[in-house]
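Here is the structure:
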């Protein structure tokens with residue numbers, strides 16, 4: 260099959276948390292520009308959602324939604340968000356024949372913490388090395 264675009268790169272699980280400003284021991288130290296969380300405390304959240312994202316994945320989904328035929332090359336693991344990634348990409352009609360499952364791999368993820376209209380992002384990036392498939396060289 261001929262594709263309009265081949266996208267190579269990682270995807271991630273993006274978790275978004277909104278902290279409750281009225282409850283918990285959270286504040287902003289404006290002198291240091293730091294979000295301060297009390298240690299060993301239970302901090303309440305008032306908003307939570309997750310989605311599959313990452314630059315390469317977002318570009319591929321965007322191109323597919325514009326009507327282009329795309330293929331995506333990535334590595335994915337066995338965790339639930341990898342299964343969710345596969346389902347979402349297939350629902351967007353993105354070819355995954357160049358993607359590969361790697362056992363014991365933990366895919367990228369991030370947690371964005373929103374507090375007082377600002378966000379702080381905690382990120383885990385796995386290390387991946389991509390090679391262009393021989394059918395494209």
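Residue numbers (the numbering used here): 260 to 396.
Don't be surprised by glycine CBs; every beta carbon is placed ideally from N, CA and C.
{"Check": "Pick from 292, 275, 267, 302 that is closest to residue 281, judged by C-alpha positions", "Outcome": "302"}
{"Check": "Inter-residue spacing [alpha-carbon to alpha-carbon] between residue 362 and residue 273", "Outcome": "21 Å"}
{"Check": "Cβ shell of residue 295 (< 6 Å), same chain only, five flanking positions each side left out", "Outcome": "286, 288"}
{"Check": "Residue 344 in three-state terms, based on DSSP", "Outcome": "helix"}
{"Check": "Buried or exposed (CB count within 10 angstroms, at least 16 for buried), residue 320", "Outcome": "buried"}
{"Check": "Residue 350, DSSP secondary structure in three states", "Outcome": "helix"}
{"Check": "Length-filtered (4 minimum) alpha helix (DSSP H) runs lying within the segment 272 to 358", "Outcome": "314 to 324, 339 to 350"}
{"Check": "Buried versus exposed call for residue 391 [16 or more other C-beta atoms within 10 Å across all chains shown]", "Outcome": "exposed"}
{"Check": "C-alpha distance - residue 366 paired with residue 359, whole-angstrom precision", "Outcome": "12 Å"}
{"Check": "Assigned secondary structure, residue 391 (DSSP; H/G/I helix, E/B strand, else coil)", "Outcome": "coil"}
{"Check": "Closest by C-alpha distance to residue 322, when choosing among 376, 310, 351", "Outcome": "351"}
{"Check": "Reduced DSSP category for residue 364 - H, G, I as helix; E, B as strand; rest coil", "Outcome": "coil"}
{"Check": "Sub-9 Å separation of residue 368 and residue 271 beta-carbons", "Outcome": "yes"}
{"Check": "Below-9 Å beta-carbon distance, residue 354 vs any chain C residue", "Outcome": "In the structure shown, chain C does not exist; there is a single protein chain."}
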